[in-house]
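Peer 1: Just passing along the structure, written as structure tokens.
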Amino acid sequence: MQSQKGFTFIEVLTVLSIIALATIGSLALRDWAVGNSRISEAKSQIITIQSGAQLWRPRTGDLTGISMSAMSSIAAVPEIWGAGSSINPWGGDIAIAVDGTDTSVYVITVSGIEQAAEGARLAYDFTDYAISSTFSGDTLTLRFQG
1 MQSQKGFTFI
11 EVLTVLSIIA
21 LATIGSLALR
31 DWAVGNSRIS
41 EAKSQIITIQ
51 SGAQLWRPRT
61 GDLTGISMSA
71 MSSIAAVPEI
81 WGAGSSINPW
91 GGDIAIAVDG
101 TDTSVYVITV
111 SGIEQAAEGA
121 RLAYDFTDYA
131 ISSTFSGDTL
141 TLRFQG
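In structure tokens form, the structure reads like this:
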């Protein structure tokens with residue numbers, strides 16, 4: 001009787017199981033990295049808008065009339081951003097407006113955030129810098145002193 005050479009069924013299953021586990025692990029890591037990338041991009045956009053608000057702000061400090069369109073028209077933010085439609089990393093809108101009760105305060109809203117954990121992390125990241133920082137539903141709302 002000749003002995004046959006090759007892999008047993010158990011050996012093949014073991015190798016396939018290891019490959020499957022490695023694939024699942026790398027997919028989870030990829031999702032985490034993509035989420036971090038979206039958060040980082042959104043933070044950069046918000047910081048750019050903050051800088052733009054300082055450029056746009058009149059000497060009086062009254063921010064009445066501030067908007068993405070107004071800031072884009074003078075290149076205080078990238079002109080391609082226009083009115084802020086569909087520019088955030090989740091495909092939603094970014095808006096800036098004067099606060100209803102204090103014209104020296106502006107409010108930035110980032111809408112369409114599909115991942116609640118990512119929105120909550122953004123809100124947390126701005127708690128030390130904003131007057132208020134909240135995330136509800138799919139919208140991040142940040143209030144800043146002008």
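Numbering (the UniProt record's numbering), first residue to last: 1 to 146.
Ideal Cβ positions, reconstructed from N, Cα and C, are used throughout, including at glycine.
1. For the candidate residues Leu27, Ile49 and Gly65, whose alpha-carbon lies nearest to that of Asp93?
2. Hey, is Thr141 close to the ligand ADP, as in C-beta under 6 Å from one of its heavy atoms?
3. Hey, out of Asn36, Ala20 and Leu55, whose CA is closest to Gly146's CA?
4. Cβ atoms of Thr109 and Thr64: under 7 Å apart, would you say?
5. For Gln145, does the three-state DSSP call read helix, strand or coil?
6. Based on Cα-Cα distance, which residue from Gly61, Pro89 and Ser73 lies nearest to Ala83?
7. Taking the straight line between their C-alpha atoms, what separation do you get for Glu118 and Ile39?
8. Give the DSSP-derived three-state secondary structure of Tyr124 in the structure shown.
9. For the beta strand (DSSP E) that contains Ala95, what are its first and last residues?
Peer 2: Checking against the coordinates, here is how it stands:
1. As a working note, residue 93 is residue 93 in the sequence shown. Closest by alpha carbon: Ile49.
2. Of ligands this structure carries none, so the ligand ADP is not represented either.
3. Locating residue 146 in the sequence shown gives position 146, where the first residue counts as 1. That would be Leu55, whose Cα lies nearest to the Cα of Gly146.
4. On the sequence shown, residue 64 is found 64 positions in, with the first residue counted as 1. On the sequence shown, residue 109 is found 109 positions in, with the first residue counted as 1. No, the pair does not count as a contact, with Cβ atoms beyond the cut-off.
5. What you label residue 145 is simply residue 145 of the sequence shown in a count that begins at 1. Note: Gln145 maps to strand in three-state DSSP.
6. Sequence index remark: in the sequence shown, residue 83 carries index 83 (1-based). Comparing Cα positions, the closest option is Ser73.
7. Within the sequence shown, residue 118 is the residue found at index 118, counting from 1. Within the sequence shown, residue 39 is the residue found at index 39, counting from 1. Using only the alpha carbons, I get a separation of about 7 Å.
8. On the sequence shown, position 124 is the one that residue 124 refers to. The answer is helix: DSSP assigns Tyr124 an H, G or I state.
9. Mapped onto the sequence shown, residue 95 falls at position 95. Note, Ala95: beta strand (DSSP E), Ile94 to Val98.
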